[in-house]
Amino acid sequence: MGKYLLRRLLQMIPVFLFATFLIYAMVFLMPGDPIRALFGERSPSASSIAAIRDRYNLDDPFFVQYVKYMLGVLTGDFGTDFRGRAVTDIMTQKIPITVRLAIVAFTMEVLIGIIAGILAAVRKGRFIDNLVLVSTISVISIPIFVIGYMAQLGLAVEMGWFPVAGVTEGFRSYLLPGFVLGSVSLAYVARLTRTSLVENLRADYVRTATSKGMLRRRVIGVHALRNSMIPVVTFLAFDIGSLISGAIITETVFNIPGIGRAVFDAVLQQEGSVVVGLITFLVTVYVVSNLLVDLLYGVLDPRIRYE
Amino acid sequence: MSDQGAAGQHMHEDAVEVIGGETIQAGRAASLWSDAWKQLRRNPMFLVPAGLVLLLMVMAAFPGLFTSIDPRSCTLSDTLGGIPRPSADHWFGLDVQGCDYYSRVIYGARVSVFIGISVTVFALAIAIVLGSVAAFYGGWIDSLISRLTDVWFAIPTILGAIVILTTLGDRVVPIVHWQVKRQGFAQVVLVLIVLGWPQMTRLVRSSVLQAKEADYVDAARVLGASDRRIILRHILPNAITPVIVYSTITVGIIIAAEAALSFLGVGLRLPSISWGIQLSIQPGIIRQNPHLAMFPGVFLSVAVFSFILLGDALRDALDPKLR
Amino acid sequence: MVDSPRSGARASSVVVGSENVGGHPVDPQAPLLAVEDLVVEFNTPGGLIRANDGISYTVNRGETLAILGESGSGKSVSAQAVMGILDIPPARIAGGSVRYRGVELLTLPDDEMREVRGAHIAMIFQDALTALNPVFSVGWQIGEMFRLHTGTSKAEAEKKAIELMDMVRIPSARERVDSYPHEFSGGMRQRVMIAMALALDPEVLIADEPTTALDVTVQAQIMALLDDLQQQSGMGLILITHDLGVVAEVADRVTIMYAGRIAETGTLDEVYANPRHPYTLGLMQSVPRTDQKGMRLDPIKGSPPDMLHVPSGCAFHPRCPLVRERCRNEIPAPQVLGTGRTSACFYHDEVGARAASA
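What follows is the structure, given as C-alpha cells:
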C-alpha cells in the first residue's frame, strides 16, 4: 500500500505544479500595471520602479518568474504584497479563521448528517425518511447565499440568537456561519449515508448475520454500518478541502475575514502574490485531502488494499 | 452445472440473473427508455418538477405571457418614501430603482435558463468528445485527459471563477462579439463551461468505460459487429443515461452558480436582469426590505430545486438496479 | 462429540442432560425439526404469493433430508421461515408450526429465538462471497459466534476459530485466520461459512444450495466434508438444492417441492427408484444418461408456474402426462403411502406403473 500511495503522490505533483502555474499565469497576465496601481496618483521615479520590478522579478520572462516563485514557495517564501507585507503573514492571519469555520461546519455535517442518514435508512419509507429526503434536497437546491441570508435574518437579526456578522464574539461567531457553510455538505452526507446503508441492509451478509443469532442493533450497527461508511468517510475526507476553499460566500454574507474574502479582495486590488499564495495553499489542501482519501479507502475497504 | 436437464428450467429470476441481465440489455436500451417513461408518467416526483421546469422555460422564452409591465421602466422617485412593498398594483412591490419587481423577477428567468442550458450543452459537448476519446483509446491520451481534469479539480471553483472573471473579463470582449451590452454574459458562460467540463468529462469517461467492459459488447463483437455499430448501438445508449441525468442536475447547479457569482459581484452586471444581481443588494437594505430578497430567492430556489428533482426522478427511473 | 473443539461452547441457557431451549424444556422423543402445514405468503406489487402452501417435513438426528425443487418452488423460503429470518413485511407466516425438539419456534419471543439461531439451528448460504461480510476477517466472523453466544474473549474466540478452520480442512488456518473473504477461493469460502455455522455445535444445519456456485470437483469436496462432519456430530442436515446428482450422494431422505407444495416424500431409494409423483418421474427421466447417447433428451413439457398465477387444483396439472379432470379442480393432499412416504398425486399408482415400464 505504501507503494500505491507513493505512486499517487508522484501523480499529484504534476497536478500541483500545473494548477499553480495556471493560477500564476492568470493572475500575472492581469490587465493593468500593478506598479502604477501601487503608487496611486504619485508618479514614481524610474529608479523606484526599476527597484520594484527587480524585487518582484517583473523583468524576467514569464516562465522564469514562475519558477523563481515556486522555488521561493518551497522555502516558505510566498513573496509580499505591494505594501511589503509578507504573504505568509496574511496567511497566518486569515487561514486559522477559515479553518475554524470549516471545523464547525465539518463537525455539524458529520454528527447531524450521519445520524440523519442512519435514521432515514433504518426507518425507510416512514416519516423521518421522507423528512430527511425533502429537507436535504431543499438545502442542496437553495443557493447557499440564500440560506445564509435567511439564517442571518431569521436567527441572528430577528431572534438575536447569534451574532449577525464578524468574528468578534469568539466561538459563538462561528456557529451560525459554520452551520450555513456545512449545510450543503450535511445534506450530501445524510443522503449518501442513507443510500449506502439502505443498499447494505439488502446485502446477503446481513441475512447471514441475522441467522447467526445477533441483535438487530448489532447487525445494523456493526455489520451493515461498517460497510456503509466507506463511501461516506471518503466523501468527508474530500470535503474538508472543499469546505476550506469554498467558504467565500459564507464569509461574504457573514463578513468573516477568512481566506475566501482575502483572495477576493486581493484580486480586486490586483495583489498578484497574495492571490497566488493563498490559492497555492488551497491547491495544497486539495492535494493532501485527495491523498488522504486514497489512504482511507485502502484502510477501510480490505478488498482494494493491494491495488 | 446441474444435470437436471431441461426439466430444471430455472424460473425467471435466477435465469435472468445468471445470464446477466446485460446480454438482454443490449437490445433493451431503447426499451429502457420506454419503460422509464411509463414509470415516470405516473410519478408525481417527476411530474411536479417537470411541470415547473416547463413553466420556467416558458417564462424565459415568453416573459410577456406573465407580465405586461416593462421591467426597465423604472421611476426612481417612487422609492423616495421608502421602497414600496407588494401591493395590488405591483405584486412584488418595487425594487431599489423603482422598477416593478414582479416583472424583473419574471424576466430574470430568461438569463438563468439561458445560461444554465447553454453552459450545460457546451460542457456536455466537450465532455462527450474528451470523455469518449479517453475511454476508447486509453493509454497516454487517457492519462493526459485524466491529469488535465485532475488539475482543473485542484483549483477551487468559485475562487477560480473570480480570478478568471476579473483577470480575463474585459479581454474576452473583443474576441466574442455577442456580448449583450457589456453585461458579462460571455464571460460568465465561458467561465462556467471552463469550470464545469472536468466533472462531466469524468462522468462520461467512467460510464463509457463501464459500458465498454460489459459482456454484451464482447458478445456483439464476437457476432461480428463493426466498431462503429458497437459504439452507436451498444455503448452509447447505455453510457449516455447517467450523463443525461447528470446534465439535468447540472443545469440546476449552473443556475445556482451564476447566481452566486452575480451575488459576489463578479458575474453579470447591470443592466442585466438576473436573480443573482437582485440578491446582491446590500444586506442593510435587504434587512429593511426583505421582499427584495424573498422573491428572487424563492424563484431561484424553486428553479434549482426543480432541475435537481427532475434529474433525481430520471435517475430513479433509468437505473435498472433500482427497479 | 465430547472431543470436538466446540464442546462446552453451547449457549449458556442450555444445560446438557435436561436440556432447555430458551427456557422451554425439550421433548426427547420429538424429531429434531418438525415442520407442519407451514404457510408463508408474500405481499408483492403484483399480488399475493403463497410461497409455502401447507408444507410438512421432519428431520431426525443424524439424518440428511434433501429438499429438492426448482427456483421459485419455495424451498429456501421454508428454511428462512424455520430460522425466523424472513423479512416480515412483505412476508407473512400465515399458518402452521415449526417445532425444534418439540419446542414451537414460530411463537417464540425474539430474544429466545436469537438464542436458537446459530447455537441450535444454523444455516449456510449459496454464495459465500456475498454471504460473508467483506470488511471483517474470516477469523473475526467465525469468532463472533463465540463472542456473541458464550461471551468468550477475543483471543479465545480466535483460537477456536482456527480450530474450526482446521476442522473444515482449510490449510494453513493459523496464517489465514486474519484474511478476508475475498482472498479465498470459492470452495475455501464455503468452508469458512460451514466453520462459522458449526461453531456452536448446532443440532440442525440447513444448507441452502451450498454448492450451486461452485465447480463440480469442489462441489464433491464440500459435500464430502458436510457428510463427514455430520457423521462426527450426529447433527441433522437439511440440504436444499435443485441438483439431483448432489442429492443422490448424501441424502437419506428426500422431499420434492413444486410450486410451494410438497409433491413427494420418502427415502432416497424409494423416491429415486420408485417415484410416485409425475413430477418426480419427469425429473428422473430428464436426467441425461450415457446410455441415451444420440437420443433426444426427455424434458418435462411446459415451464414452471408463475407463482402469482398458480394453476388451479394440482399445480402440476398443465404439464402432467397423467392429467385428469379431477386434477384441474381439486388440490391433492399428500397421501400417506407408508412410513414417512407420501405423494400428493391422485394417481400415484399409475406413476409407479409408468416408472416400471420406462
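Protein chains in written order, with the numbering used here: chain A, 20 to 326; chain B, 206 to 528; chain C, 3 to 360.
Note that beta-carbon positions come from the ideal geometry of N, C-alpha and C, so glycine has one too.
As assigned by DSSP and simplified to three states, the class of residue 332/C = For the purposes of this step, residue 332/C is identified with residue 330 of the third sequence, where counting begins at 1. Assigned with DSSP and collapsed to three states, residue 332/C falls in coil, not helix or strand.
Could you pull out every unbroken alpha helix (DSSP H) segment of at least 4 residues lying fully inside the region 206-266 of chain C, listed in chain order?
-> Within the region 206-266 of chain C, the complete alpha helix (DSSP H) runs of at least 4 residues are 218-235 and 246-252.
Are the beta-carbon atoms of residue 500/B and residue 297/B separated by less than 7 angstroms?
-> Reading the second sequence from its first residue, position 295 is the one you call residue 500/B. Reading the second sequence from its first residue, position 92 is the one you call residue 297/B. Result yes, Cβ atoms of residue 500/B and residue 297/B sit closer than 7 angstroms.
Compare the C-beta of residue 326/A against all C-beta atoms of chain C and say whether one is closer than 7 angstroms.
-> Here residue 326/A refers to the residue found at position 307 of the first sequence. Because residue 326/A carries a pLDDT of 47, less than 50, the predicted location of this residue cannot be relied on, and the following value inherits that uncertainty. Residue 326/A does not count as touching chain C.
Sequence-distant residues of the same chain with beta carbon closer than 6 angstroms to residue 287/A, five excluded per side | Mapped onto the first sequence, residue 287/A falls at position 268. Counting only Cβ-Cβ distances below 6 angstroms, and skipping sequence neighbours, we find nothing.
Leaving aside the five residues before and after residue 380/B along the sequence, list all residues of the same chain whose C-beta is less than 7 angstroms from its C-beta, in chain order.
-> Numbered from its first residue, the second sequence carries residue 380/B at position 175. Residue confidence is low: residue 380/B scores 45 on pLDDT, short of 50, so the model does not pin down where it sits. Its coordinate-derived value is still stated next. In its chain, beyond the 5 residues on either side, no residue has a beta carbon closer than 7 angstroms to the beta carbon of residue 380/B.
With a 10 Å radius around its C-beta and 16 neighbouring C-beta atoms as the bar for buried, classify residue 211/A as buried or exposed.
-> If you number the first sequence from 1, residue 211/A lands on position 192. Its Cβ being crowded by 16 or more others within 10 Å, residue 211/A is buried.
Does any CB atom of chain B fall closer than 7 angstroms to the CB of residue 162/A?
-> Here the question's residue 162/A lines up with position 143 in the first sequence. Residue 162/A counts as touching chain B.
Measuring alpha carbon to alpha carbon, tell me which of 324/B, 319/B and 409/B ends up nearest residue 351/B.
-> Within the second sequence, the letter at position 146 stands for residue 351/B. When each option's Cα is compared against that of residue 351/B, the closest is 409/B.
Whose Cβ in chain A lies nearer than 8 angstroms to the Cβ of residue 241/B?
-> Counted from its first residue, the second sequence places residue 241/B at position 36. For residue 241/B, there are no neighbours in chain A by C-beta distance under 8 angstroms, as the nearest C-beta there is about 20 angstroms away.
So, residue 354/B versus residue 276/B, is the Cβ gap smaller than 7 angstroms?
-> By 1-based counting over the second sequence, the position of residue 354/B is 149. By 1-based counting over the second sequence, the position of residue 276/B is 71. No, the pair does not count as a contact, with Cβ atoms beyond the cut-off.
Out of 319/A, 282/A and 316/A, which has the shortest C-alpha to C-alpha gap to residue 301/A?
-> As a first step, residue 301/A is located in the first sequence; it is residue number 282 there, counting from the start. From the listed residues 319/A, 282/A and 316/A, the smallest Cα separation to residue 301/A is found for 282/A.
Please determine if the region 64-79 of chain C and the region 229-245 of chain C are in contact, where contact requires at least 3 C-beta pairs separated by less than 8 angstroms.
-> With a cut-off of 8 angstroms, the region 229-245 of chain C and the region 64-79 of chain C count as touching, because enough Cβ pairs lie within range.
Look at the alpha carbon of residue 316/B and the alpha carbon of residue 397/B, and state the distance between them as a whole number of angstroms.
-> Residue 316/B sits at position 111 when you count from the first residue of the second sequence. Residue 397/B sits at position 192 when you count from the first residue of the second sequence. So the alpha carbons of these two residues sit roughly 14 angstroms apart.
Would you identify the three-state DSSP class for residue 407/B, choosing helix, strand or coil?
-> Taking the second sequence and counting its residues from 1, one reaches residue 407/B at position 202. DSSP places residue 407/B in helix when its eight states are reduced to three.
Is the beta carbon of residue 232/A sitting closer than 7 angstroms to the one on residue 119/C?
-> Taking the first sequence and counting its residues from 1, one reaches residue 232/A at position 213. Taking the third sequence and counting its residues from 1, one reaches residue 119/C at position 117. A contact, by the Cβ cut-off of 7 angstroms.
What residues in the region 155-179 of chain A bring their beta carbon closer than 7 angstroms to a beta carbon of chain C?
-> Under the 7 angstroms Cβ criterion, the region 155-179 of chain A contributes no residue.
Note the first and the last residue of the continuous beta strand (DSSP E) segment covering residue 37/C.
-> Here residue 37/C is taken as the residue at index 35 of the third sequence, counted from 1. Per DSSP, residue 37/C belongs to the beta strand (DSSP E) from 35-46.
Beta-bridge pairing of residue 27/C - partner residues as DSSP gives them = Your numbering for residue 27/C matches position 25 in the third sequence. Residue 27/C is bridged to 22/C.
Does the region 315-334 of chain C come within contact of the region 280-299 of chain C, defined as at least 3 CB pairs closer than 8 angstroms?
-> Taking a contact to require three or more Cβ pairs closer than 8 angstroms, the region 315-334 of chain C and the region 280-299 of chain C qualify as touching.
With 7 angstroms set as the bound, which would you pick, yes or no: does the beta-carbon of residue 506/B sit closer than that to a beta-carbon of chain A?
-> Along the second sequence, read from residue 1 onward, the residue named residue 506/B stands at position 301. At a cut-off of 7 angstroms, the C-beta of residue 506/B has a neighbouring C-beta in chain A.
Can you name the residues of chain B whose CB is closer than 8 angstroms to the CB of residue 41/A?
-> Within the first sequence, the letter at position 22 stands for residue 41/A. Close partners of residue 41/A in chain B (Cβ separation under 8 angstroms): 356 and 360.
Would residue 230/A count as contacting chain B if we go by Cβ distances under 7 angstroms?
-> Start at 1 with the first residue of the first sequence, and residue 230/A comes out as number 211. Not closer than 7 angstroms to any Cβ of chain B, the Cβ of residue 230/A fails to qualify, so no.
Count the CB pairs spanning the region 189-208 of chain A and the region 114-129 of chain A that are closer than 8 angstroms, and state whether there are at least three.
-> Yes, the region 189-208 of chain A touches the region 114-129 of chain A.
Helix, strand or coil at residue 481/B according to DSSP, with G and I counted as helix | Sequence index remark: in the second sequence, residue 481/B carries index 276 (1-based). Three-state DSSP puts residue 481/B in a helix.
When 293/C, 289/C and 308/C are compared against residue 301/C, the one with the closest alpha-carbon = Taking the first residue of the third sequence as position 1, residue 301/C is located at position 299. With distances taken between CA atoms, residue 301/C lies nearest to 289/C out of 293/C, 289/C and 308/C.
Within the region 176-203 of chain C, note down every full alpha helix (DSSP H) run reaching 4 residues or more, in order along the chain.
-> Along the region 176-203 of chain C, the alpha helix (DSSP H) occurs as fully enclosed runs of 4 or more residues at 188-200, listed in sequence order.
Proximity of residue 244/B and residue 522/B at Cβ, strictly below 7 angstroms | Here residue 244/B refers to the residue found at position 39 when the second sequence is read from its first residue. Here residue 522/B refers to the residue found at position 317 when the second sequence is read from its first residue. When the beta-carbon positions are compared, residue 244/B and residue 522/B come within less than 7 angstroms of each other.
Output yes or no for whether 7 angstroms exceeds the beta carbon distance between residue 336/B and residue 280/B.
-> Start at 1 with the first residue of the second sequence, and residue 336/B comes out as number 131. Start at 1 with the first residue of the second sequence, and residue 280/B comes out as number 75. The answer is no: Cβ separation not under 7 angstroms.
Buried or exposed by the 16-neighbour rule on C-beta atoms within 10 Å, applied to residue 249/B = Position 44 of the second sequence holds residue 249/B. Under this definition residue 249/B is an exposed residue.
Rounded straight-line distance, which links the Cα of residue 109/C to that of residue 358/B = Here residue 358/B refers to the residue found at position 153 of the second sequence. Here residue 109/C refers to the residue found at position 107 of the third sequence. Answer to the nearest angstrom: the Cα atoms are 59 angstroms apart.
CB residue 343/B to CB residue 165/A, shorter than 7 angstroms?
-> For the purposes of this step, residue 343/B is taken as residue 138 along the second sequence, with counting starting at 1. For the purposes of this step, residue 165/A is taken as residue 146 along the first sequence, with counting starting at 1. No, Cβ-Cβ distance for residue 343/B and residue 165/A is not below 7 angstroms.
To which residues of the same chain is residue 170/A closer than 8 angstroms at the C-beta, ignoring the five residues directly before and after it?
-> Walking along the first sequence from the start, residue 170/A turns up at place 151. The residues are 195, 198 and 199.
Where residue 313/A meets chain C, residues with beta-carbon distance less than 7 angstroms | Sequence index remark: in the first sequence, residue 313/A carries index 294 (1-based). Proximity of chain C to residue 313/A at the Cβ level (cut-off 7 angstroms) is not reached, the minimal Cβ distance being about 18 angstroms.
Could you confirm whether any beta carbon from chain A is found closer than 7 angstroms to the beta carbon of residue 130/C?
-> The count along the third sequence starts at 1 and reaches residue 130/C at position 128. No, because no Cβ of chain A sits closer than 7 angstroms to the Cβ of residue 130/C.
Assuming residue 265/B and residue 328/B form a contact by the criterion Cβ under 8 angstroms, report the distance between their Cβ atoms to the nearest whole angstrom.
-> Position 60 of the second sequence, counted from the start, is the residue given in the question as residue 265/B. Position 123 of the second sequence, counted from the start, is the residue given in the question as residue 328/B. Contact doesn't hold; Cβ gap of about 19 angstroms is too wide.
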